[in-house]
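For reference, the structure is listed below as structure tokens.
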Amino acid sequence: MSLQTVRKEQVVLEREKRFLATHAACHDRIYRYFRRRTDNAATAEDLCAEVFRITWEKTSQNESPSVMVVFGIAKNVLRNHDRSALRSSSLLGALQLERDQERCRDESSIHEALSRLRPDDREVLLLTYWDGFSSTEVSDLLNTSATAVRMRLHRARKALSHLLEPETQPEGAER
Amino acid sequence: MSKTSMPGGIERLLQSVDPGHSVSEAEVATSRARSLSVMSADARAEGTTVTRLASRIPPHTTSRGSRPRVRRRLVLASAAAALLVGGIVIADVVRPNGPGATAEAAEVLNDAAEATIRTSDPLVGPGQYLKIETKALTYGGMQAADGSDISWQETVSDQLYIPADKEAEWVWDRGERIPLESSSDAAKAAAAETAKLLQKGKGGLPNPTVGIQRAPGGAFYGTAPMVIIGTSLQDAGSLPRDPQALLDLIYERTKGANKTPERAAFVTIADGLRTGAVPADLRAAMYKAAALIPGVVVGDRQATVDGRTGIAIGLASPEGTSRDDIIIDPATGLVIGEQDVLLKDFSGSPAGTVSSWTSVQTSVVDSAP
């Protein structure tokens, strides 16, 4: 192979390696992130493809985007999607869908309680317990302090248990 | 302050209703393949050639790709390597069919459970590490200047050091990929070239897949390693030790995670067993749970993985093209490795070919790199 070709191949190969490493570390988590927040698989797949198109562009600059960076991209892609689709709450849509598939009553009551939380609080809760982020990571992602995240998490947990057990919640009322 | 009377707490409650858990492997695979294709689309636009790392599909990567999210955390070493090579999973439409666990397989598994209980776990003292060495046979490949593909088999050796205090820093030393001696000279040259490129990394960028990585609590990919979906290694104590209860829980947690519930459960158990980090009583329960899965068979009484011999217990893919085995040392009840065996001829390889394998060895050491 000519030197030119080899060089070209090298650059492409390095970029692909960077991209593949990032893709391997992130794709499934990103996909599930979208599935949890949008209506169906096709939408999640579209958004996922968009995220990795942007990620691929970033890898041309010798960057190896971290998991958090890719999730930051995902967050923006989701926000743009929600805006353009003019949907007030993607979660509600997803939850409705979930409910349609014969789910036990417990599950739908939890989903319903979730949908009644303040969106900011709910997102902290979901990023923590569904997407598996630490409070520091959640704070990175939401551009806020880790303390604020822990406070929101505390508030969200409290609100959720209040919603789920209103009659046996003596402490939930004062806040 | 926020006292909740809900058993298990909010965390468990939320995880039990996580829509992400019911996402099928097929749709994840579809998305995975599509989002990888941005590379070739882009390269076409630029008029450059694309190297084949992404498009290479080693014979049957299906099982290796199952539920990668969990596998990756659990089986840090080999899964990540396998994913890098074969990120694309073929999603076929399939139909479960299980004649029931064979008596022979059930006997081997129950014996392994007994042996596990008899053989005490290595004690990891304060400051010490549980060292888990894995060696995996995977696929490598590259495109030559003339556009032809060269592919070869290569091995990757990794060491994972888990501290006695599992919340402390884990160390993962990921090895380089070494082509098999039997590879052609052209393949060896291509492999060396790839390795060199990776090592240097343009702009002084380190290769993310080789060398030492550190992560507190083992969160190499952002979250703590899990034993099964929804239960971290730290919380392993909370899982039921009753085999049927454990299996039911695994079925529930892995709903939709693989082509068949049986396969999802078997792969989950195999992952857990080979981490080397699961406590003995839970390992024993996992063996007994595996014995309850329909379709589990003895694949080979004399399976050799990386020079060691054990009994292969496996489950065939629903298409019947391959079988995933865990290889158990009957004397200790330890999983010494895994293998994928072709059950039908595939792209030049006859049925019976071991298309990939991973060996696992655990020991206790005083220090980590």
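Taken in order, these protein sequences are the chains called A and B.
Residue 30 is where the first sequence starts when you use our numbering, and the numbers rise one by one after that.
Residue 28 is where the second sequence starts when you use our numbering, and the numbers rise one by one after that.
Glycine included, C-beta positions come from ideal geometry on N, C-alpha and C.
Here's a check: name, in chain order, each residue in its chain whose Cβ is nearer than 8 Å to the Cβ of B/W384, leaving out the five neighbours to either side. Closer than 8 Å at the Cβ level, and outside the excluded window around B/W384, lie A163, L164, V332, D333, G364, E365, Q366 and D367.
Tell whether a beta-carbon distance below 7 Å holds between B/R241 and B/E196. It is a contact, given that the beta carbons lie within the stated cut-off.
Enclosing beta strand (DSSP E) for B/A330 [first to last residue]: Under the DSSP assignment, B/A330 falls in the beta strand (DSSP E) whose first and last residues are V324 to V332.
Since I believe B/V387 is in contact with B/G303 (beta carbons under 8 Å), could you give me their beta-carbon distance rounded to a whole number of angstroms? Taking C-beta atoms under 8 Å as the contact rule, B/G303 and B/V387 qualify, at a distance of about 6 Å.
In this structure, how does DSSP classify B/E38 when only helix, strand and coil are distinguished? DSSP places B/E38 in helix when its eight states are reduced to three.
Could you check whether B/V362 and B/Y156 sit closer than 7 Å to each other, using their CB atoms as the reference points? For B/Y156 and B/V362, no; Cβs fall outside 7 Å.
Anticipated Cβ contact below 8 Å, B/T143 with B/A358, distance rounded: About 11 Å separates the two Cβ atoms, so there is no contact after all.
Beta strand (DSSP E) runs wholly inside the region 284–312 of chain B, at least 3 long, in chain order: Listed in chain order, there is nothing to give.
Closer than 6 Å by C-beta to B/D185: which residues in its own chain qualify, once you throw out the five before and the five after it? Chain order, please. Only A104, T161, R201 and G202 meet the Cβ criterion.
In whole angstroms, what is the alpha-carbon distance linking A/L42 and A/F48? A/L42 and A/F48 have their C-alpha atoms spaced approximately 10 Å apart.
Compare the beta carbon distance of B/A216 and B/R268 with 7 Å and say whether it is the shorter of the two. Cβ atoms of B/A216 and B/R268: not closer than 7 Å.
Please state if the CB of B/V294 and the CB of B/A132 are separated by a distance shorter than 7 Å. No.
How about B/A53 and B/Y314: are their beta carbons less than 7 Å apart? Their beta carbons are not under 7 Å apart, which means B/A53 does not touch B/Y314 by this criterion.
For the region 36–48 of chain B, list every residue whose C-beta sits within 8 Å of some C-beta in chain A, in sequence order. Within the region 36–48 of chain B, contact with chain A at the beta-carbon level (separation under 8 Å) is assigned to I37, E38, L40, L41, Q42, S43, V44, D45, P46 and G47.
Applying the 10 Å Cβ sphere with the 16-neighbour rule, what's the burial state of B/A343? Here B/A343 is buried. Its C-beta has 16 or more other C-beta atoms within 10 Å.
Check whether the Cβ atoms of A/R82 and B/V65 lie closer than 7 Å to each other. Their beta carbons are under 7 Å apart, which means A/R82 touches B/V65 by this criterion.
Taking a Cβ distance cut-off of 9 Å, strictly less, list which residues of the region 150–165 of chain A are near chain B, in chain order. Considering only beta carbons, the part of the region 150–165 of chain A lying closer than 9 Å to chain B consists of L154, L155, T157, Y158, W159, D160, G161, F162 and S163, in chain order.
Compare the beta carbon distance of A/Y60 and B/Q42 with 7 Å and say whether it is the shorter of the two. No.
What first and last residue would you give for the beta strand (DSSP E) that runs through B/V391? In the DSSP assignment, B/V391 falls within the unbroken beta strand (DSSP E) covering V381 to V392.
Quick check on the DSSP output: the beta strand (DSSP E) that includes B/I353 runs from which residue to which? Annotation for B/I353: the continuous beta strand (DSSP E) segment containing it runs S349 to D356.
Backbone secondary structure at B/G154 - three-state DSSP: B/G154 falls in the coil class under three-state DSSP.
Have a look at the DSSP bridge pairing and note the partners of A/K104. Assignment of beta-bridge partners to A/K104 by DSSP yields no partner.
Residues in the same chain with beta-carbon distance under 7 Å from A/T176, minus the five sequence neighbours each way, listed in chain order, please. Hits under 7 Å: none found.
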